[in-house]
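Novice: Structure in structure tokens, see below.
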Amino acid sequence: MLGLLFFVFVLAVFLGFELIAKVPSQLHTPLMSGSNAISGITIVGALVAAGQPHGGDFVTVLGTIAVAAAMINVVGGYLVTDRMLAMFKHKDGGAK
Amino acid sequence: MLEKLQPLINYIYIIASVLFVIGLKMMNRAVTARKGNLVSAVGMALAIIATCLLMGMEFRWILVGAVVGSAIGAVSSYAVKMTAMPEMVGIFNGFGGLASMLVSWAELVKWRSMGWEAYARTLDPGGNASAVFAAVAIAFTVVVGAVTFSGSMVAFLKLAEWIPGKPLLFKGQNIVNGLIVLTVVGGIIYFCLDPVSPAAYAVFMVLMVVGLALGITSVIPIGGADMPVVISLLNSYSGIAATTAGFIILNNGLIVAGSLVGASGIILTQIMCKAMNRSLANVLFSGFGAVTESSGTAVKGEVKALSAEDAFYVLEAASSVVFVPGYGMAVAQAQHVVRELGQLLEKNGAEVKYCIHPVAGRMPGHMNVLLAEANVPYEQLVEPGDVNPVIGTVDVAIVIGANDVVNPAAREDKTSPLWGMPIINVDEAKTCIVLKRSMRAGFAGVENPLFFKENTRMLFGDAKASISALVSEFKAE
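Going line by line, the protein sequences match chains A and B. For the first sequence, the working numbering begins at 1 and goes up steadily by one. For the second sequence, the working numbering begins at 1001 and goes up steadily by one.
Here it is, written out as structure tokens:
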């Protein structure tokens, strides 16, 4: 199980390098803010902490704050990226 | 019903991961980027739904947190000005780090109150969880999450200019950082030996506090011009924190998504460092710009100012013009008038390009976003590598609030701190007009010999006002 997780981890890191290496510089900001939104995936851990009644009230408190923080990251990140990319499309000369 | 769904949940995480990969891939090209972002958002929604389908979830507090967080995220993402984008990205990133930090804290509390046996079953019902492994993951997550959080907050404060953007150095800074790192390493080892002992909980708290301190002390000394590097690095950290959180709760979705972000952040960081010809270590530890008393040889020569009217005559006769924007354009909010001037120049028969240095501004691609906001077609946005070989044929290069990225000392003066940095060679254009508020040095605090060159003219004043004046000259034609 743990071996498999590491395997997945290493492959994902390489995939990440491959995906980003050739991005044109004009897309650096949206890319960064888009991947920033993905890092909000930690919402999964936050939901489990806030939603499962293990470990008492304090866990729920921590989980709830974590859900709020992760949601700011996720919702804000995706919306702001979309807002930027929408501008990239509004070209009088049309898309490339 | 819910019980039957349990085996499906892992598959949903896999689908979500695939959507993240496809989404990022689509964000490689301008035409597909917006859809790519949507694809990745769908992946996130799936991951959230899958988690809500887990057995025994209660939604009261989840709803509270989700509503509050979504509202804050949505409102601020619509309210933010495009010029304030770097600090916005920074602060969102910080909240991701905060969430990871809190998740590791919550997991530790669960573990301590339930005992390992029961806690391990919540991680993996198959009974494959390892206590040592979980402890290491918890310790790493709290540190990386804390560094991401406080580091991003400091970056935010600097970018929003609530605290000075200048590098703040104090004596023995590197010693303090070294001590912090030692404490972290020792703390992690101690914690992992027996994570349920009362002392271990105290050590966990120390790790959190020290992590927060490390985020502050490592970003505080970094100057504004180096912010693109810091922002991409912090982005990478938040991905790493999500990955290690995934190792705590043994969740593939978290591990894949986090690693993608971590890797992409590191690549961006490298690109930024290359664009400044500096190593990452140099950016992080040198407090660049704070030691500028002796930066480079003193520059001799005369500064030649010109009026907006004179600048108009120069531009009217030009058949090729290159704009070189920098952070000053963002500060002056001048992107719209710049585009207007660009269009007037085109109408006048000139070929107009906008040359953007990779580290111009305060985050990677900052200038591209601003000019896109002003409806500059992205075909006109070019990179230094496209312009430099033909810069000799350019009639006028207009530098708007950029300084270090056009400083010829990077080419000419081996003693300059900028030596070796790839720059835009505007000094080799036939005429170079520099828009500048005053004769102050750039963020790096380095003298710029460009201002004293034979073919350089300075147009002093607020960039927006100066450009507007040029625009009205053209319109009065």
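Note that beta-carbon positions come from the ideal geometry of N, C-alpha and C, so glycine has one too.
(1) Can you name, in chain order, every residue of its own chain whose Cβ lies under 7 Å from the Cβ of Q1335 of chain B, other than the five neighbours on each side?
(2) Just the chain B side, please: which residues come within less than 7 Å of F97 of chain A by C-beta, in chain order?
(3) Quick check on Y1011 of chain B: buried or exposed, where buried means 16 or more other Cβ atoms within 10 Å of its Cβ?
(4) What does A1257 of chain B reach in chain C if we use C-beta pairs closer than 7 Å?
(5) Do K1430 of chain B and V1394 of chain B come within 9 Å of each other at the CB atom, strictly closer than that value?
(6) Does DSSP classify T1244 of chain B as helix, strand or coil?
(7) Let's test the definition: count the other Cβ atoms within 10 Å of the Cβ of E1309 of chain B and tell me whether it reaches 16, buried, or not, exposed.
(8) Curious, which full-length alpha helix (DSSP H) runs of at least 4 residues does the segment 1385 to 1434 of chain B contain?
(9) Would the segment 56 to 67 of chain A and the segment 1053 to 1069 of chain B be scored as touching if the rule is three or more Cβ pairs under 8 Å?
(10) According to DSSP, simplified to helix, strand and coil, what is V1321 of chain B?
(11) To be precise: take each residue of the segment 1381 to 1406 of chain B, compare its Cβ to all Cβ atoms of chain A, and keep it if any distance is under 7 Å. Which residues remain?
(12) Just grab the DSSP bridge partners of V1352 of chain B for me.
(13) Taking only runs that begin and end inside the segment 54 to 89 of chain A, name each unbroken alpha helix (DSSP H) of 4 or more residues, in chain order.
(14) Would the beta-carbon of L1207 of chain B fall within 9 Å of that of V1143 of chain B?
(15) Identify every residue that forms a DSSP beta bridge with A1305 of chain B.
(16) Going by beta-carbon coordinates alone, are I41 of chain A and G1253 of chain B separated by less than 9 Å?
(17) Can you grab the Cα-Cα spacing for the pair E1473 of chain B / K1353 of chain B, in whole Å?
(18) Between the Cα of G1301 of chain B and the Cα atoms of B:R1437, B:A1050, B:E1454, B:A1332, which residue gives the shortest distance?
(19) How far does the alpha helix (DSSP H) with W1116 of chain B in it reach, from first residue to last?
(20) Which residues mark the beginning and the end of the alpha helix (DSSP H) in which Q1380 of chain B is found?
(21) Residues of chain A with CB under 8 Å from E1087 of chain B, in chain order?
(22) Please state the DSSP three-state secondary structure of K1081 of chain B.
(23) L952 of chain B touches chain A at which residues, Cβ-Cβ below 8 Å?
(24) For chain A, check one thing: does any of its Cβ atoms lie closer than 9 Å to the Cβ of K1274 of chain B?
(25) Which residues of chain A have a Cβ atom closer than 7 Å to the Cβ of E1058 of chain B, listed in chain order?
(26) Taking 9 Å as the CB-CB limit, is M1227 of chain B close to chain A?
(27) Interface residues of chain A around C1052 of chain B at Cβ under 8 Å?
(28) Once DSSP output is grouped into helix, strand and coil, what is the label at K1166 of chain B?
(29) Taking T1269 of chain B as the query, report the chain A residues whose CB atoms sit under 7 Å from its CB, ordered along the chain.
(30) Going straight from the alpha carbon of I65 of chain A to that of S1438 of chain B, what length do you get?
(31) Taking contact to mean 3 or more Cβ pairs, one atom from each stretch, closer than 8 Å, check whether the segment 1072 to 1087 of chain B and the segment 4 to 16 of chain A are in contact.
(32) With 9 Å set as the bound, which would you pick, yes or no: does the beta-carbon of T1122 of chain B sit closer than that to a beta-carbon of chain A?
(33) Please classify A1050 of chain B as buried or exposed, where buried requires at least 16 neighbouring CB atoms within 10 angstroms.
(34) Suppose you measure from the CA of F1452 of chain B to the CA of V44 of chain A; what does that come to, to the nearest Å?
(35) Does the segment 1254 to 1262 of chain B come into contact with the segment 1134 to 1154 of chain B, if we say contact requires no fewer than three beta-carbon pairs (one atom in each stretch) closer than 8 Å?
(36) Given A1275 of chain B, which residues of its chain have a CB within under 6 Å of its CB, disregarding the five upstream and five downstream residues?
Specialist: On the basis of the data shown:
(1) Position 335 of the second sequence holds residue 1335 of chain B. The answer, listed in chain order, is M1329, L1370, L1371, E1373, A1374.
(2) Only positions 1 to 96 of chain A appear in this structure, which leaves residue 97 of chain A out of reach.
(3) As a working note, residue 1011 of chain B is residue 11 in the second sequence. By the neighbour-count rule (16 or more Cβ atoms within 10 Å), Y1011 of chain B is not buried but exposed.
(4) Structure shown: chain C not included; protein chains present are A and B.
(5) One-based indexing of the second sequence puts residue 1394 of chain B at position 394. One-based indexing of the second sequence puts residue 1430 of chain B at position 430. Yes, the Cβ-Cβ distance between V1394 of chain B and K1430 of chain B is below 9 Å.
(6) The residue labelled residue 1244 of chain B in the question sits at position 244 within the second sequence. If DSSP states are grouped into helix, strand and coil, T1244 of chain B belongs with the helices.
(7) Within the second sequence, residue 1309 of chain B is the residue found at index 309, counting from 1. When all chains shown are included, E1309 of chain B counts as exposed.
(8) 1409 to 1412
(9) yes
(10) In the second sequence, residue 1321 of chain B corresponds to position 321, counting from 1. If DSSP states are grouped into helix, strand and coil, V1321 of chain B belongs with the strands.
(11) L1381, E1383
(12) Counted from its first residue, the second sequence places residue 1352 of chain B at position 352. V1352 of chain B pairs with B:V1321.
(13) 57 to 71, 77 to 89
(14) Reading the second sequence from its first residue, position 207 is the one you call residue 1207 of chain B. Reading the second sequence from its first residue, position 143 is the one you call residue 1143 of chain B. Yes, these two residues count as a Cβ contact at 9 Å.
(15) The residue labelled residue 1305 of chain B in the question sits at position 305 within the second sequence. A1305 of chain B pairs with B:M1458.
(16) Sequence index remark: in the first sequence, residue 41 of chain A carries index 41 (1-based). Sequence index remark: in the second sequence, residue 1253 of chain B carries index 253 (1-based). Yes, the Cβ-Cβ distance between I41 of chain A and G1253 of chain B is below 9 Å.
(17) In the second sequence, counting from the first residue as 1, residue 1473 of chain B sits at position 473. In the second sequence, counting from the first residue as 1, residue 1353 of chain B sits at position 353. Rounded to the nearest angstrom, the two C-alpha atoms are 21 Å apart.
(18) Residue numbering aside, residue 1301 of chain B sits at position 301 when the second sequence is read from its first letter. Selected option, being the one with the closest Cα: B:E1454.
(19) Counting from one through the second sequence, the residue named residue 1116 of chain B turns up at place 116. That run of the alpha helix (DSSP H) goes 1116 to 1123.
(20) Looking up residue 1380 of chain B in the second sequence gives position 380. Counting along the chain, Q1380 of chain B falls outside any alpha helix (DSSP H), and DSSP gives it neither H nor E.
(21) Numbered from 1 along the second sequence, position 87 holds the residue referred to as residue 1087 of chain B. In chain order: nothing, as chain A lies at least about 11 Å away.
(22) Translated into positions along the second sequence, residue 1081 of chain B becomes position 81. It is coil, neither helix nor strand.
(23) Lying before the first or after the last residue shown, residue 952 of chain B is absent from chain B, which here runs from 1001 to 1477.
(24) Taking the second sequence and counting its residues from 1, the one referred to as residue 1274 of chain B is at position 274. No, no contact with chain A.
(25) Within the second sequence, residue 1058 of chain B is the residue found at index 58, counting from 1. Within chain A, the residues G51, P53 have their CB atoms less than 7 Å from the CB of E1058 of chain B, given in chain order.
(26) Residue numbering aside, residue 1227 of chain B sits at position 227 when the second sequence is read from its first letter. Using a CB distance cut-off of 9 Å, M1227 of chain B does not count as an interface residue toward chain A.
(27) For the purposes of this step, residue 1052 of chain B is identified with residue 52 of the second sequence, where counting begins at 1. Listed along the chain, the chain A residues whose CB falls inside 8 Å of the CB of C1052 of chain B are L47, G51.
(28) Stepping through the second sequence from its first residue, residue 1166 of chain B is reached at position 166. Correct three-state label for K1166 of chain B: coil.
(29) Looking up residue 1269 of chain B in the second sequence gives position 269. Simply none; closest approach about 10 Å.
(30) Numbered from 1 along the first sequence, position 65 holds the residue referred to as residue 65 of chain A. Numbered from 1 along the second sequence, position 438 holds the residue referred to as residue 1438 of chain B. Looking at the two C-alpha atoms, the distance is approximately 46 Å.
(31) no
(32) Counting from 1 along the second sequence, the entry for residue 1122 of chain B is found at position 122. Closer than 9 Å: yes.
(33) What you label residue 1050 of chain B is simply residue 50 of the second sequence in a count that begins at 1. Classification of A1050 of chain B: buried, given that the 10 Å Cβ count is 16 or more.
(34) Here residue 1452 of chain B corresponds to residue number 452 of the second sequence, with the count starting at 1. Here residue 44 of chain A corresponds to residue number 44 of the first sequence, with the count starting at 1. Roughly 57 Å between the two C-alpha positions.
(35) no
(36) Mapped onto the second sequence, residue 1275 of chain B falls at position 275. Around A1275 of chain B: P1358, V1359.
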